[in-house]
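Reading through the structure tokens given below for one structure.
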Amino acid sequence: MKFSYVNPTQIQFGQGQISSISDLIAKNLKVLVIYGGGSIKKNGVYQQVTSALKDHKWVEFSGVESNPTVEVLDKAVEVVKKQNIDYILAVGGGSVIDGAKYVAAAACYDGDGWDILEGKHKVIKAIPLGAVLTLPATGSESNIASIVTKAATKDKLGFLSPLVRPVFAVMDPDTMKTLPDRQLINGLVDAWMHTCEQYLTKVSNAMVQDGYAETLLKNLLVLAADFENRDNDAWRANLMWTANQALNGLIGSGVAQDWATHMIGHELTALYNIDHARSLAIIQPSLLRNQITVKRDKLAQMGRNVFGLIEGVGEEEGIAERTISAIENFYHSLNVATKLTDYNGDKNQAISEIISQLKVHGMLVLGENKAIDLTVSKEILNAALV
Ligand code: NZQ
Ligand code: ZN
14 MKFSYVNPTQ IQFGQGQISS ISDLIAKNLK VLVIYGGGSI KKNGVYQQVT
64 SALKDHKWVE FSGVESNPTV EVLDKAVEVV KKQNIDYILA VGGGSVIDGA
114 KYVAAAACYD GDGWDILEGK HKVIKAIPLG AVLTLPATGS ESNIASIVTK
164 AATKDKLGFL SPLVRPVFAV MDPDTMKTLP DRQLINGLVD AWMHTCEQYL
214 TKVSNAMVQD GYAETLLKNL LVLAADFENR DNDAWRANLM WTANQALNGL
264 IGSGVAQDWA THMIGHELTA LYNIDHARSL AIIQPSLLRN QITVKRDKLA
314 QMGRNVFGLI EGVGEEEGIA ERTISAIENF YHSLNVATKL TDYNGDKNQA
364 ISEIISQLKV HGMLVLGENK AIDLTVSKEI LNAALV
């Protein structure tokens, strides 16, 4: 085990915490409040934010879409540059926070901001930002990742920079009260996937990372099983904190990480507009079955420690195979599909469209073993599309 780990984001967790923004951002700074399509105006979050900022100078930028596009975000970059913004406050889900991270970095760069996503410009400066989370799923509120789409070319790419990690994250579970079930389910599934991407690899003997990952997975199973009681303070708080911990850097420290499901999933979202979490549920079971030889031991560990499966005499299938079925059943229990049925054209045409996008995006070898080349991705897609 060898790693460097730091996560300096100040977490303000709990009901009523939005008011703390007023002290978290210095009063002499000019703030740009960035938000999405308006959900925050319907649930009182906007009002709480504006009242916390009553002694600040601030302006706003709205309309950041789900799977935020550079086309819209570049308009916010202009606002930051023209209005001498000192601080960005992102109020929303992963899309708004990711979008704000892009704006924070692109506003400190003279070239085309998309260069950052294409790796042509390394972020060396960014406007500081804070986040008010309203949808627990991505962990974006305290991590260094941002995923942005170029609508014109259907490119969905990401960048990582510690300079865009939020300085603080307000996590008030009450903000979740207006989330549609679809988004709550997306949150459960995305947090689950983030844990899997950092856990379902090879046996690591990293007891802390494995044990903590297993706790997060078990939490998500419990919350999903208790979905009918979701209108409950503890349910909301536990999902919010679990999703954050699943992708704040901790469980991935010093262990192998996969992320192939995410990379292929991003292409499905960009091409067919599938919700991020749902794109992952489509790919992962097929990917796990394809990669079962190298993931067998870890799948067996997950089966025992997360699903309580017992290696049994008389079982038709091995424990690794049964673990994959249990994962799939978990998605089905939430009415999340594990096959893609809705794509343009026929199946072969869709697969070649996805493969050619993977190629354009340099996703030539994926996974913890760099073993998922385009031929393997094609096999996985062949199993995932019906
Ligand atoms: O735009 P508004 O009006 O706010 O509506 C949003 C949006 O329509 C709505 N919503 C959010 N909070 C709400 C609410 N509706 C009612 N009440 C509330 N409290 O929910 C819809 C979806 O929001 P979005 O932010 O798109 O969802 P999510 O948080 O799942 O973010 C998805 C994005 O994050 C990226 C994904 O690729 C995708 O672009 N990811 C970011 C990661 C990261 N930064 O580490 C990692 C992830 O793997 C992921 O790739
Ligand atoms: Zn994700």
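Numbering (our numbering), first residue to last: 14 to 399. Ideal Cβ placement from N, Cα and C applies to all residues, glycine included. What you are looking at is a predicted structure, and each value in this text was computed from that prediction instead of being measured.
Selection from Ile-129, Ser-369, Ala-333 that minimises the alpha carbon distance to Phe-172:
Numbered from its first residue, the sequence shown carries residue 172 at position 159. Considering only alpha carbons, the answer is Ile-129.
Start and end of the beta strand (DSSP E) containing Gly-105?
Your numbering for residue 105 matches position 92 in the sequence shown. From DSSP, the beta strand (DSSP E) with Gly-105 extends over 100-105.
According to DSSP, what are the bridge partners of Glu-73?
Position 60 of the sequence shown, counted from the start, is the residue given in the question as residue 73. DSSP lists Val-46 as partners of Glu-73.
Proximity test, Thr-151 beta-carbon vs the ligand ZN heavy atom, cut-off 7 Å
Residue 151 sits at position 138 when you count from the first residue of the sequence shown. In terms of side-chain proximity, the C-beta atom of Thr-151 is found nearer than 7 Å to a non-hydrogen atom of the ligand ZN.
Say yes only if the C-beta of Asn-251 is nearer than 7 Å to one or more non-hydrogen atoms of the ligand NZQ, and no if none qualify.
Counting from 1 along the sequence shown, the entry for residue 251 is found at position 238. Answer for Asn-251: no, Cβ out of range of the ligand NZQ.
Please state the DSSP three-state secondary structure of Lys-138.
Here residue 138 is taken as the residue at index 125 of the sequence shown, counted from 1. Coil, per DSSP.
Which residues mark the beginning and the end of the alpha helix (DSSP H) in which Met-253 is found?
Translated into positions along the sequence shown, residue 253 becomes position 240. From DSSP, the alpha helix (DSSP H) with Met-253 extends over 246-259.
Pull up the distance between the alpha-carbon of Pro-193 and that of Ser-52, whole angstroms please.
In the sequence shown, counting from the first residue as 1, residue 193 sits at position 180. In the sequence shown, counting from the first residue as 1, residue 52 sits at position 39. When rounded, the distance between both Cα atoms is 11 Å.
Suppose only complete runs of 4+ residues qualify. What are the alpha helix (DSSP H) ranges in the segment 160-218, listed by chain order?
Considered as a whole, the segment 160-218 harbours 194-212 as its complete alpha helix (DSSP H) runs of no fewer than 4 residues, in chain order.
What are the residues that DSSP puts in a beta bridge with Ala-313?
Here residue 313 is taken as the residue at index 300 of the sequence shown, counted from 1. Answer is none; Ala-313 lacks a bridge partner.
Could you tell me whether any non-hydrogen atom of the ligand ZN is closer than 7 Å to the CB of Leu-173?
Stepping through the sequence shown from its first residue, residue 173 is reached at position 160. Checking every heavy atom of the ligand ZN against the Cβ of Leu-173, none is found closer than 7 Å.
Return yes when the C-beta of Met-376 is under 7 Å from any heavy atom of the ligand ZN, and no when it is not.
Position 363 of the sequence shown, counting from 1, holds the residue named residue 376. No, the Cβ of Met-376 stays beyond 7 Å of every heavy atom of the ligand ZN.
How about the segment 279-297 and the segment 229-245: do they share at least three Cβ pairs that are nearer than 8 Å?
No, the segment 279-297 is not in contact with the segment 229-245.
Candidates Trp-127, Val-180, Glu-330, Arg-195: which alpha carbon is nearest Ala-164's?
Here residue 164 refers to the residue found at position 151 when the sequence shown is read from its first residue. Looking from the CA of Ala-164, the closest CA among Trp-127, Val-180, Glu-330, Arg-195 belongs to Trp-127.
What does the Cβ neighbour count give for Leu-377, buried or exposed, with the cut at 16 atoms within 10 Å?
Counted from its first residue, the sequence shown places residue 377 at position 364. Exposed is the call here.
Please state if the CB of Tyr-100 and the CB of Ile-38 are separated by a distance shorter than 8 Å.
Translated into the one-based positions of the sequence shown, residue 38 becomes position 25. Translated into the one-based positions of the sequence shown, residue 100 becomes position 87. Cβ distance < 8 Å, so Ile-38 and Tyr-100 count as in contact.
Asp-310 versus Gly-331, Gln-222, Ser-292, Asp-187, residue with shortest Cα-Cα distance
If you number the sequence shown from 1, residue 310 lands on position 297. If we check each option's Cα against that of Asp-310, Gly-331 comes out closest.
Does the pairing of the segment 152-161 with the segment 93-113 give three or more beta-carbon distances under 8 Å?
Between the segment 152-161 and the segment 93-113 there are three or more C-beta pairs closer than 8 Å, enough to call the two in contact.
Using 7 Å as the cut-off, classify the Cβ of His-279 as near or not near the heavy atoms of the ligand ZN, replying yes or no.
Position 266 of the sequence shown, counted from the start, is the residue given in the question as residue 279. Checking every heavy atom of the ligand ZN against the Cβ of His-279, none is found closer than 7 Å.
Within 7 Å: the Cβ of Gln-196 and any heavy atom of the ligand NZQ?
Taking the first residue of the sequence shown as 1, we reach residue 196 at position 183. Yes, the Cβ of Gln-196 comes within 7 Å of a heavy atom of the ligand NZQ.
Taking 8 Å as the cut-off, does the segment 322-336 touch the segment 372-390 (at least 3 CB pairs, one atom from each stretch)?
Taking one beta carbon from each stretch, the segment 372-390 and the segment 322-336 have fewer than 3 pairs nearer than 8 Å; the two do not touch.
According to DSSP, simplified to helix, strand and coil, what is Phe-240?
As a position in the sequence shown, residue 240 is number 227, starting the count at 1. Phe-240: helix per DSSP, three-state reduction.
Take the Cβ of Val-136 as the centre, count every other Cβ of all protein chains shown within 10 Å, and call the residue buried at 16 or more, exposed below.
Looking up residue 136 in the sequence shown gives position 123. It counts as buried.
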